[in-house]
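The C-terminal position of the sequence shown is numbered 996 in the numbering used here, with every residue numbered one higher than the one before it. Glycine is no exception: its CB is placed at the ideal position from the N, C-alpha and C atoms.
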Amino acid sequence: MAYVDQPGDADAPTLLFVHGNPTWSYHWRRLIAERRGVNRCVAPDHIGCGRSDKPAVTLRLADRIDHVVELVETLDLQRIVLVAQDWGGAIGLGAMQRLRDRLAGVLLLNTGAFRPWFIPWRIRVCRTPLLGPLAMQGGNLFSRAAVHQTTTTKLSPQIARAYLAPYDSWANRRAVNDFVRDIPLGPRHPTWQTLGEIEDRLTELDGVPISLVWGLRDWCFTPECLERFQQVWPEAETTALPGAGHWVAEDAPGEVADALARLLVRVSAAPANHEPTVSAGE
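Shown next as structure tokens:
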């Protein structure tokens, strides 16, 4: 697993950035540039994504949660503020539920952590047998569509190329296809149970400072997804952005940075809910 690790003040919270599909740690470049030196910033590339290894194995949500847990424990990250988008929401929240004593705050951007109650038609098309993998791994159509259909402001050619750069071959696009196929359509899919366990435990984070930043022009994680989180966490701060799309960090980087800054003020003001985790043998 490749990851960005920028230093910050040892007494400040650590920011853990968890990306979705079909992005990579590059998605967080502006926020990392804004916060590094103040907060330690750690941003992994999921296995199969970005600069990480791209093995010929099928990975599911549960595997990716395991990977983030292992990264956090290996780096011994403490006072974590989770910043997550798309699949990163379920992955990051699943990891933090297992490492609750290390969690200090949560900022979510256009994501979900629920048993799916709808699947957008654009995703369903990508799941068509034979044609779906051929389009996603052969033609890279899912990633190419993402750089055009996830924002309301046009990405520059340079930024679009950077998003696509890690996914330059059939083999290197395997994870893009696997993420799409890991969206459970019903209880018989193994990830349905994993998502259900995460959803059922969301209320355990009631006492944690939480911020929800949502691009309202998102065809995938619609405003209804935001409302689901608001029902679970009524005390969460919400920043609703009518002009932003799914990649809200691209459409409204200033607003996202401001929301993160406000969240960090709340985290600093919140009473400590745990002692730092001590590794075995220390």
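| Item | Value |
| --- | --- |
| Per DSSP, the bridge partner or partners of Ser883 | Paired residues: none, contrary to the question. |
| Rounded separation between Val890 and Asp725 - CA only | 37 Å |
| Candidates Pro843, Gly957, Arg754, Trp831, of which the one nearest Gly900 by Cα | Trp831 |
| Proximity of Gln823 and Val797 at Cβ, strictly below 9 Å | Position check: residue 823 holds Leu in this sequence, whereas Gln was assumed. Yes, the pair counts as a contact, with Cβ atoms nearer than the cut-off. |
| Candidates Val861, Ala950, Arg895, of which the one nearest His741 by Cα | Val861 |
| Spatial neighbours of Met810 in its chain, beta-carbon cut-off 6 Å, leaving aside the 5 residues before and after | Leu796, Leu817 |
| Three-state class that DSSP yields for Cys755 in the structure shown | strand |
| Any non-hydrogen atom of the ligand HEM closer than 8 Å to Asp780 Cβ | As for the ligand HEM, it is missing from this structure, which has no ligand bound. |
| Beta-ladder partner(s) of Ala924, from DSSP | Position check: residue 924 holds Ile in this sequence, whereas Ala was assumed. According to DSSP, which records beta bridges pairwise, Ile924 is partnered with Val820. |
| Proximity winner among Phe943, Trp906, Cys934, Trp928, relative to Glu918 (alpha-carbon distances) | Phe943 |
| Whole-angstrom distance between Trp801 and Leu977, CA atom to CA atom | 21 Å |
| Status (buried if at least 16 other CB within 10 Å, exposed otherwise) for Gly968 | exposed |
| For Glu951, the residue or residues it bridges with in DSSP | Ser925 |
| Rounded separation between Ala984 and Gly819 - CA only | 10 Å |
| Residues that DSSP places opposite Ala874 in a beta bridge | DSSP, once it has assigned bridges, lists no residue as partnering Ala874. |
| Integer Cβ distance of Ile924 from Trp947, believed to fall under 8 Å | 5 Å |
| Selected residue, minimal CA-CA separation from Trp933, among Leu940, Gln907, His960, Ala950 | His960 |
| Beta carbon of Val786 nearer than 9 Å to that of Ala757 | no |
| Gln720 (DSSP reduced to helix, strand or coil) | strand |
| Span of the beta strand (DSSP E), counted from its first residue to its last, around Gln799 | 794 to 800 |
| Three-state class that DSSP yields for Thr905 in the structure shown | helix |
| 9 Å Cβ cutoff met for Leu926 and Leu916 | no |
| Length of the line joining the Cα atoms of Ile794 and Thr936 | 27 Å |
| Segment limits, beta strand (DSSP E) that includes Thr728 | 728 to 732 |
| Own chain residues within Cβ distance below 7 Å of Pro880, not counting five before or after | Trp738, Cys763, Gly764, Arg765, Asn886 |
| Residue closest to Pro898, alpha-carbon to alpha-carbon, out of Arg743, Leu775, Asn735, Glu748 | Leu775 |
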